[in-house]
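Be aware that the sequence shown starts at 1, since it is given in full-length UniProt numbering, and climbs by one per residue.
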Amino acid sequence: MRLLNATLPDQHVVDVGLRGGLVEEVVPAQGRTAGEDELDLSGYLLLPAPADPHAHLDKALSWDVISPPMGDLGLAIDSWRVHSRTMSTESIAERATAAAELMLRNGTTAVRTHVDILTGPHPMRGVEALIELRERLSGIMDLQITALAGPDAPDETIHQALDLGVDLVGGAPHLAAEPLRDLDRLLAIAEKRCVGADIHTDEGLYGEPTLEHFAKAVQAWPSDRIRSAGHCVRQGTLPAEDLTATIEAVKQAGMGIISLPITNLYLQGWDQPVSTPRGLTALRAFLDAGVTVAAGADNLRDPFNPVGRGDALETASLLVTAGHLSVQEAYHAVSDGARDVLGLPRAGVFAGAAADLLAIRAGSLGEAVAAASPDRIVLYRGAVVARTSVVSTTALEDRR
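Quick look at the structure:
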């Protein structure tokens, strides 16, 4: 396939040759019309496709079903636990599929989803639903699955999830009575099974941080084994001098830090109605230190976040508004940074890159993030997997 007349963020207009799922060449645009197996991208900005390093597809799109009260993390957990007892594998699969399709339509071609190890007689309902979804998405979207094991999840259920085909060990040690002990338990299972770990880390404004302990525990892991920390809210409330040792440990471990702005902005700070904290991690400190920083949407219209479009551009916009990142830094976090955290090769408009690309109707990266036009073409490994075209008119056009 060949992409013609595409505009890049630096305003160069190029033609792009694709072959075997990779970008074969990028040359100045010749200005010709598209022929067979060619796509004219005049008026489109061409970007590396976004990736989402932290989703919860098993929970997605359940807000209207549950009708939970609005509130903090504890309230959301309680609402979810009550509802999850009623869920079937089929109902989880239906919502997860709808959420994945929404994300794909918006340009995301790779997702890492957490899935709860549930309570009750059939704790693998969510795991089975998402493994089935991963198979259905083959050739359309990359899907990594992390077993989200709460402090009350027995070790054998984590092993069972791994036996079924889950990719990574996950958990939320900050919810445990002894957070470091639960973290060590999860990492020991990951080491025993020779798999990576993506842990919900320090998801709160207060408490003793665990990120440094996590980082030091995985420093000796093989370099290609995934180790990443999501949320890291507590680090955003610490003074700079208290972050130095943690940041150094994270760098030495080669860990990725995953910020989740929309969900943390919603869940954090309910007990502080005046000067409410934002609940984001220490983005600038991590970036300036050279740590890999990624960002995701986390929860999508469920008890943990009642809103969201399933759109990486929404996440990028919030990183600019609430995290004070530049537009370029924000888009990097939802594209290159996210793929780095997922252990995937870089995508983009350069020879040898993975041909996971997003073409969006926009004249600049700033416009793409700000306006988030739904007019998009999504490519996965060089093939079009989603396309949305929009026609919009106003009465003002007749007066020009």
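Beta carbons: idealized from backbone N, C-alpha and C, even for Gly.
Remember, predicted model here, so these are calculated numbers, not experimental data.
Residues bridged to Y44 by DSSP?
R361
With three or more C-beta pairs closer than 8 Å as the rule, is the segment 50-63 touching the segment 32-41?
no
Just confirm the distance between the C-beta atoms of G296 and T276, as a whole number of angstroms; I'd bet it's less than 8 Å.
Not quite, the Cβ-Cβ distance comes to about 22 Å (not below 8 Å), so this is no contact.
Using the rule of at least 16 other Cβ atoms within 10 Å of the residue's Cβ for burial, across every protein chain shown, is H324 buried or exposed?
exposed
Along the beta strand (DSSP E) that carries N264, what are the first and last residues, could you check?
In the DSSP assignment, N264 falls outside any beta strand (DSSP E) and within the unbroken alpha helix (DSSP H) covering 261-267.
Keeping to the same chain, check which residues put their C-beta closer than 8 Å to that of L180; ignore five residues upstream and five downstream.
P173, T210, H213
State yes or no: is the C-beta of G126 within less than 8 Å of the C-beta of I77?
no
Just to confirm before moving on: does the CB-CB distance between I145 and D167 stay below 8 Å?
yes
For E90, count the other beta carbons within 10 Å of its own beta carbon; 16 or more makes it buried, fewer makes it exposed. Which is it?
exposed
Would you mind listing the alpha helix (DSSP H) stretches within the segment 296-363 that are 4+ residues and don't spill past its ends, in chain order?
312-321, 327-334, 336-342
Could you work out which residue in L313, V274, R400, W221 is closest to Q252 when comparing CA atoms only?
W221
Report the rounded CA-to-CA distance for T109 versus G308, giving the unit in angstroms.
Going by the C-alpha atoms only, they are around 18 Å apart.
Provide the residue(s) that pair with I145 in DSSP beta bridges, ordered along the chain.
T113
For F350, count neighbouring Cβ atoms within 10 angstroms of its own Cβ and tell me buried if that reaches 16, exposed if not.
exposed
Is it buried or exposed, L396, if we count other Cβ atoms within 10 angstroms and call 16 or more buried?
exposed
Can you check the segment 23-87 for any alpha helix (DSSP H) of at least 4 residues that lies completely inside it and give the ranges in chain order?
Correct list: 63-66, 73-84.
Can you give the beta carbon distance from I257 to V293, rounded, assuming they're within the 8 Å contact cut?
5 Å
To the nearest angstrom, report how far apart A190 and L4 are at their CA atoms.
46 Å
I need the DSSP call for D163, collapsed to helix, strand or coil.
helix
Thinking C-alpha only, which one of D202, S259, D152, T246 is nearest A333?
S259
For P28, collect the residues of the same chain with a Cβ closer than 8 Å to its Cβ; drop the 5 residues on either side in sequence, then sort them by chain order.
If we look at P28 and ignore the five residues flanking it on each side, its Cβ neighbours are H12, V13, V14, D15.
Give the single residue among R19, M103, V169, D288 whose Cα lies nearest to the Cα of C194.
The candidate whose alpha carbon is nearest that of C194 is V169.
Tell me the rounded alpha-carbon separation between T97 and S389.
22 Å
Measuring CB to CB, does G236 end up less than 8 Å from H200?
no
Quick one: Cα of Q272 to Cα of R387, how far?
43 Å
Assuming contact is defined by CB atoms lying nearer than 8 Å, are M255 and R278 in contact in what I supplied?
no
Can you give me the Cβ contacts of G343 inside the same chain, cut-off strictly under 6 Å, excluding the 5 residues immediately before and after it?
I226
Between D155 and A176, what straight-line distance do the alpha-carbon atoms span, to the nearest angstrom?
Their Cα atoms are separated by approximately 15 Å.
Between which two residues does the alpha helix (DSSP H) carrying L130 extend?
If you look at L130, you'll find it in the alpha helix (DSSP H) that goes 125-136.
Under 8 Å, do V327 and L365 count as touching if we go by C-beta distance?
yes
A322 and P239 - do their beta-carbons sit closer together than 8 Å?
For P239 and A322, no; Cβs fall outside 8 Å.
Would you list the one or two residues that DSSP bridges to T292?
Beta-bridge pairing links T292 to G256.
V14 bridges to which residues according to DSSP?
A6, P28
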